[in-house]
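In the working numbering, the protein residues as written are 75 to 602. C-beta: ideal position from N, C-alpha, C; glycine also. Because the structure is a prediction, the values reported are computed rather than measured.
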Amino acid sequence: MKKLIYLITMVFAFSACTKDFEETNTNPYQLSGESLQEDFNHVGAFYPSMLSQIFGNQIDHNLTNVTFSQHLATPTPFVGGVNNTTFYIRWNGYWAREYDNVMAPADQVIEIAKEGGYTVFVEWANLIKIISMSRVTTYYGPIIYTNYGSTENALYDDEETLYTAFFADLDRIIAEFKANTDYAGLKNFDASYDGDVSKWARYANSLRLQLAMRISKVAPAMAKAEGEKALADSAGLIESNDDNFNISLYGAKFHPAQIAFEWGDTRMSATMESILIGYKDARIEKFFSPVEDMSLVSDHPDWPYKGIRNGAEIVAKDDRLGFSTLNPDFNEPAKVTKRKVMSADEVHFLKAEAALREWAGSGGAAMAKTHYEAGVRASFALWGAGGVEDYLADNTSLPIDYNDPVAPGTVNDFTNQITNTVAWDESASNEVKLEKIITQKWIAAYTNEMEAWVDYRRTGYPKLPPVYQNSSNSDWGVVPEGESIKRMPFVQTEREGNAAGVADATQKLGGPDEINTRLWWDTGAPNF
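What follows is the structure in structure tokens.
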């Protein structure tokens, strides 16, 4: 009974902290006590809550991986401009969000589902745990997964053990889903796929391909085996936008819109401006809003969008509030009701890279162009943007240099370093082809920037400009000038409450618990 009461509480108690940074989540699908035991409610009611926590909020998402991947930037000089965005760690909350709101309730509901013999619910919860932890590890490296729930100080998994466990768990999850494609029990609780178990199998298989590619440089044999398993599996992959994995906002506003329109703390990045305008990319109007003050875009008046350099020298917030914000549609909950986790474009780009790496099932190098162009087309279609065929044929346009109109000719300006066009060149080297793939994958990752940050660290693409203001120091580790942050440090609560675990994790990390220590898959080695 205590276990059930805990779960009921967890469903409706979402995290809320400081009014400036934390979003308040509300679940409109509350259940009465009488209905709790009906139609799997005593198990299924907790899945929307877990899924709603996969994305962080301002401090553990927008001011970390979103800015590190350079999709958005802030006009606000938080703490005098010395903060996460300039490589001095002030906020580090993603660990607590995921362990408190995903791992803890998942283990509880798995126990109840096992007692009831609800095996599909068991594996659905296990899949949600992998979704969560496969993202958490991109922040920290070693994390607690196979030892989670230990009554003593829990030891962290080194990353090789972690990914091996992910793949083994995906074997079991996908097998369960494939054996129960007609199971109807998830429907009332599944705002992503309306209870279609076969689509969850397709997503789980696509997740396997994503994780396999992530480790392709550090563990090429394991990556190839797992990637080829995904490519060959009868469950299939997400290759149509109809199969995209999105998480419902459950009636809440898209959180980056709250940050942008209510708090004024996020805007288009200068890197987005450089790349989208340079490539004449029609998705720009779907992503962002044009400026009202045309003096801000005198260098490209036909494309009236202006971004902020990541890690810029910022004196006052008001200076850049007139720069491009998100497209206003994001500010309307009736129009934006969900957030993507994996879409067809990403899977096509994964297949394109798999082709370059000659993984069986990808069609080999000769099919890289086909997969690459399919990824671009899928992204344009997802956003309702036109002109994709002209875009794919463009072999001359390049990203533009950036000029900050508030402080022209100063440290915030940068020169574009990308020399690769959009059009595929079959005669180019694999390195040039990979840069094309990852640059387009970066653009398409908009609103789900986690893997864009992974790809940048893993491959070095796109060629992002360095931050101007690098505030890193010995407190959290020094990021050399011209380089970017590699990870987040282990959290203080773990340092204090699980000191032995953190010490062991630091050994497994292979370097100091600092922001410039590379993760396992971030080898720094050549891509081929």
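Query, Result
"Continuous beta strand (DSSP E) stretch holding S453: start and end", "Counting along the chain, S453 falls outside any beta strand (DSSP E), though it belongs to the alpha helix (DSSP H) covering A442 to W457."
"Three-state secondary structure (DSSP) of K515", "helix"
"R592 - DSSP class collapsed to helix/strand/coil", "coil"
"N320 in three-state terms, based on DSSP", "strand"
"P149 beta carbon less than 9 Å from that of G338", "yes"
"Beta-carbon spacing of M416, Y277 below 9 Å", "yes"
"C-beta atoms of T164 and G130 nearer than 9 Å", "Note that residue 164 corresponds to Arg in the displayed sequence, not to Thr. No; because the gap between Cβ atoms is not below 9 Å, this pair is not in contact."
"For Q543 and V156, the rounded distance between their alpha carbons", "8 Å"
"Nearest to N262 (by Cα), restricted to the options E336, I511, G458 and P122", "P122"
"Proximal residues to M524 (C-beta, below 7 Å), its chain only, five neighbours per side dropped", "N139, R209 and T212"
"Those runs of the beta strand (DSSP E) which lie wholly inside the segment 314 to 370 and span at least 3 residues", "319 to 322"
"Collapsed DSSP secondary structure at K303 in the structure displayed", "helix"
"Member of E463, N522 and N486 whose CA lies at the smallest distance from the CA of F361", "N522"
"C-alpha gap between V565 and D256, whole angstroms", "43 Å"
"L583 versus W433 - alpha carbon distance", "29 Å"
"Simplified DSSP assignment, three categories, for Y598", "A quick correction: the sequence has Gly, not Tyr, at residue 598. Three-state DSSP puts G598 in coil, outside helix and strand."
"Continuous alpha helix (DSSP H) stretch holding R246: start and end", "E233 to K252"
"For M416, the first and last residue of its enclosing beta strand (DSSP E)", "K412 to M416"
"Validate contact between the segment 331 to 347 and the segment 312 to 319 using beta carbons, cut 8 Å, 3 pairs", "no"
"Cβ-based neighbour list, S436, same chain, cut-off 7 Å, excluding 5 preceding and 5 following", "L305, K425, A428 and A429"
"Test item: CB-CB of D245 and R383 under 9 Å", "no"
"Close Cβ partners of S109 (< 6 Å) along its chain, the five nearest in sequence each way excluded", "Low confidence applies here, because S109 scores a pLDDT of 47, under 50, leaving its location unreliable and the question unanswered by this model."
"Proximity of P330 and L400 at Cβ, strictly below 9 Å", "yes"
"Option in E557, D393, I128 and F404 with minimal Cα separation from P151", "D393"
"Residues that DSSP places opposite I217 in a beta bridge", "D231"
"Simplified DSSP assignment, three categories, for I312", "coil"
"Distance, I511 Cα to P479 Cα", "31 Å"
"Among I202, M296 and M562, the one whose alpha carbon lies nearest that of K120", "Note on identity: in this sequence residue 120 is Phe, with Lys being the wrong assignment. The residue with the shortest Cα to Cα distance from F120 is I202."
"Member of N166, D264, E509 and Y230 whose CA lies at the smallest distance from the CA of K443", "E509"
"Any 3 or more C-beta pairs closer than 8 Å across the segment 287 to 307 and the segment 322 to 329", "no"
"Residue range of the alpha helix (DSSP H) that includes R569", "Q566 to G571"
"Contacts around T533, its chain only, beta-carbon distance under 6 Å, and the 5 residues preceding and following it disregarded", "I512 and N601"
"Distance, P536 Cα to V292 Cα", "20 Å"
"Y162 - DSSP class collapsed to helix/strand/coil", "coil"
"Contacting residues, own chain, Cβ-Cβ under 8 Å from M562 (five flanking each side not counted)", "T138, I163, N166, Y168, Y213, Y214 and I589"
"DSSP bridge partner residues for F488 (one or two, in chain order)", "Y476"
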